[in-house]
Amino acid sequence: MTQYESSQEKAAEMAKTKEQLEEEKRVALSQRIVPLDLSSMDTEALIAKAKELHDKLYKLESDKYDLDDRYKRQQYDMMELAERARQMNKGGKSAGGAADGGFDRLAEKFPNVPPKVAVCSKYDRQTDTRGFAERRNMFKEDKPQSQPAKEDA
3 MTQYESSQEK AAEMAKTKEQ LEEEKRVALS QRIVPLDLSS MDTEALIAKA
53 KELHDKLYKL ESDKYDLDDR YKRQQYDMME LAERARQMNK GGKSAGGAAD
103 GGFDRLAEKF PNVPPKVAVC SKYDRQTDTR GFAERRNMFK EDKPQSQPAK
153 EDA
């Protein structure tokens with residue numbers, strides 16, 4: 003199947019009306035749901051059928067939980083690997099990466115990973131060597147206000 007055929011199928015899928023989508027849903031559900039004939043079953047058969055359905059439901063729920071847990075773990079691993087790749091790219095030569103203010107493909111791919119905190123301006127080429135306290139005090143210092151000169155008359 004080519005890319006063109008796939009796009010044609012997607013376009014055909016998008017062009018379907020609401021009634022067509024509802025009909026497809028009904029057909030899919032009718033294939034998956036098996037009707038139960040409860041009138042011909044006695045009490046013991048009903049109890050056995052209930053246990054069978056309960057076991058099936060329990061298995062499906064446990065599979066769902068396991069797959070959901072696996073998905074979360076894989077998402078976490080992907081974010082960790084993306085962060086490691088950023089760290090590795092930071093050390094080498096940057097070819098239009100995020101280090102010089104360019105486009106960061108990894109940040110777009112993994113939006114949940116927080117951005118790097120820049121200690122210096124992105125326009126400066128030197129990192130700020132002052133400590134946190136020195137930088138904080140730079141903004142806290144009270145600047146002396148110039149007082150108007152008193153004239154002796």
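Numbered per our numbering, the sequence shown spans residues 3 to 155.
Note that beta-carbon positions come from the ideal geometry of N, C-alpha and C, so glycine has one too.
Nothing here was measured: the structure is a model prediction, and the numbers come from that model.
Leu-48 is positioned such that its CB atom lies no closer than 8 angstroms to that of Leu-55.
Contact annotation: Lys-51 and Met-43 have beta-carbon atoms nearer than 8 angstroms.
DSSP places Leu-40 in no alpha helix (DSSP H); its state is neither H nor E. Close CB contacts of Ala-84 within its chain, under the 8 angstroms cut and outside five residues either way in sequence, are with Leu-108, Lys-111, Phe-112 and Val-115 (chain order). In the structure shown, Val-115 adopts coil according to DSSP, grouped into three states. For Arg-138, the enclosing alpha helix (DSSP H) stretches over residues 134-142.
A direct Cα-Cα distance of roughly 12 angstroms separates Tyr-73 from Asp-65. Shown here for Leu-59: not one same chain residue has a beta carbon closer than 8 angstroms to its own, the five before and five after excluded. Assignment of beta strand (DSSP E) within the region 7-85, counting only whole runs of 3 or more residues, yields no such run.
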